[in-house]
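I have placed the structure first, in the form of structure tokens, so that the comments after it can refer back to it.
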Amino acid sequence: MLSAKKRGIPHPLSPLSLTDFPTITQNCIPSKLFNLLLSSSKSPSDVEQADRCRDSVIEQLRFNLDADSAALNQAYAASSVFYAQALIIQAENKPINIAATSIDVAQALRAIDLGVLRGGVEDWGKISSSVVERGEALLPPPPPPNPTPPPQQQQQQQQQQQPQQYLTDPCASDIPRIDAEKLSPANFKQTHLNTSTPVIITNAINSWPATTNWGDLNYLKSKAGGRIVPIETCASADASQTYLSSSFDRRTMSLTEYIEEFVENENPTQSDRGYLAQYQLFDQIPSLRDDITNLPQYTSLSTREDDIAPSTCEKQVEPIVSAWFGRNTVSPLHNDPYHNLLVQVSGTKYIRLYAKNETGRLYPREGPECNNSEVDIDNVDQDKFPLFKGTQCLQCILAPGEVLYIPRHFWHYVRSLGVSFSTSFWWGARLGLIKEKGGGGGYQSMY
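Quick note: the sequence shown uses the numbering used here, first residue 471, plus one each step.
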């Protein structure tokens with residue numbers, strides 16, 4: 471019988487070793503754990519050794535309350551990747567047995583997911599990607615997605631939906647649309663990026679397989695249903711305030727569990743609301759990343775603020791790509807520290823924008839939540855927030871296949887109209903929106 475290596479699956483160039491883990495050093499974790507990790511690094515195919523190493527880290531996490539939990543989280547992530555790698559190597563060398571191979575791969579991917587969630591997807595998603603891709607190559611391909619209407623047809627069908635939040639008074643204007651072929655990077659920079667002017671770009675992602683695939687929930691289940699993902703939850707009564715509410719919580723579950731409990735459930739009035747929100751899902755699951763065939767070309771551009779940012783300022787040269795997936799989800803009125811291209815892959819969203827110079831009328835919260843507004847767009851208290859009435863804003867119903875440019879520090883409220891899957895691309899220098907000194911009431915972007 472043929473082993474997996476002889477089935478046309480390429481041999482890995484080399485197994486991951488401890489030197490591939492920049493967050494792991496001999497000084498940051500207990501010496502016993504470092505030596506166990508070193509042993510796993512030297513014996514990449516030894517499943518039992520890798521399992522013992524991971525068990526030792528789990529024991530430290532459970533009982534050693536005096537240890538540096540951040541360092542132990544990194545050790546757990548490293549041990550999980552080594553364990554997953556050993557399982558994948560074992561699966562590659564087994565005779566062909568799809569069921570047995572799938573069990574090994576599922577166990578490996580689960581280990582990686584738990585390690586990534588504990589160690590941080592920003593680092594460990596990229597570190598583990600080669601192991602994940604090896605595992606995914608051993609699995610049978612998912613069935614083809616059910617055909618969905620092309621983005622242009624979906625736009626015509628769904629732009630007609632207008633939620634109760636859609637404003638019809640003179641203070642609101644529609645966000646203009648422009649075809650991607652008519653908006654070169656130079657024109658985008660001159661007319662939108664440098665002037666902080668929102669725009670909806672059409673026909674920019676027609677080549678993405680995601681526009682066909684992600685609208686099919688069965689495709690997502692078959693492609694990545696067993697993967698463990700973080701979910702934000704809140705009580706249905708707090709659905710308009712979500713992460714700002716007292717009922718806000720975080721859970722981890724498989725993608726299939728999330729879809730069945732929160733996305734396929736059309737009437738969640740008696741249960742919690744769930745949202746897979748602002749998560750770098752594609753770093754964790756490369757097979758979904760493959761459905762994004764090209765990055766929006768505008769994310770390589772910069773403003774003067776980006777160019778003169780001091781070296782101490784955090785900069786995103788490569789964009790942060792996040793997933794936003796759920797049913798009837800809400801992001802309360804807030805602003806973000808980066809330039810943002812919000813790509814609507816499937817479903818629709820109602821979005822309302824307020825310019826940075828309207829900040830004084832939006833009642834920013836104090837403290838760590840200062841990028842959020844006190845105003846509940848779904849239930850505005852005019853007596854408590856009298857300045858909010860009549861504030862100029864822009865709005866749209868973002869349809870499948872459309873890309874919305876949200877300038878840095880533009881306040882935005884986002885509500886999905888049914889099931890929706892979006893991706894955001896954040897880039898540029900990370901700036902804060904700070905109240906100007908002197909009591910004038912204005913706000914400015916600061917490094």
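Just so you know, even glycine gets a beta-carbon here, dropped at the ideal spot from N, CA and C. On a predicted model such as this, the values are computed, not experimentally measured, just so you know.
Proximity to residue 847 across 884, 674, 693 and 880 peaks at 884, based on C-alpha coordinates.
Assignment of residue 911 by DSSP, reduced to helix, strand and coil, places it in the coil class. The bridge partners DSSP lists for residue 843 are 834. Here residue 753 is buried: its Cβ has 16 or more other Cβ atoms, across all protein chains shown, within 10 Å.
In the assembly as shown, residue 656 is an exposed residue. Its beta-carbon has fewer than 16 other beta-carbons within 10 Å. When the Cα atoms are used, residue 811 and residue 896 turn out to be separated by approximately 7 Å. When rounded, the separation of the alpha-carbon atoms in residue 704 and residue 517 is 40 Å.
For residue 649, the enclosing beta strand (DSSP E) covers residues 647 to 649. For residue 558, the enclosing alpha helix (DSSP H) stretches over residues 539 to 562. DSSP places residue 674 in the coil class of the three-state scheme, outside both helix and strand. Take the alpha-carbon of residue 756 and the one of residue 602: they are about 7 Å apart. Residue environment for residue 502: exposed (fewer than 16 other C-beta atoms within 10 angstroms of its C-beta). Comparing C-alpha distances from residue 844 to each of 776, 802 and 504 shows the shortest one belongs to 802. Annotation: residue 563 to residue 555 spans about 13 Å, alpha carbon to alpha carbon. Within the DSSP bridge table, the entry for residue 866 names 821 as partners. Proximity to residue 915 across 902, 907 and 908 peaks at 902, based on C-alpha coordinates.
Note on residue 822: 16 or more other CB atoms within 10 angstroms of its CB, so buried under the neighbour-count rule. Here residue 494 carries a coil assignment [DSSP, helix/strand/coil]. The shortest CA-to-CA distance from residue 673 to any of 783, 686 and 872 is the one to 872. Nearest neighbour of residue 658 by Cα position, chosen from 862, 809 and 833, turns out to be 809.
Counted as a single uninterrupted DSSP element, the stretch harbouring residue 798 is not any alpha helix (DSSP H), since DSSP gives it neither H nor E. Taking C-beta atoms as the reference points, residue 746 and residue 699 count as a pair closer than 7 Å. Taking the CA atoms as reference points, residue 523 sits about 8 Å from residue 553. Of the residues 828, 838 and 837, the one whose Cα lies closest to the Cα of residue 911 is 828. For residue 519, the uninterrupted alpha helix (DSSP H) segment begins and ends at 517 to 533.
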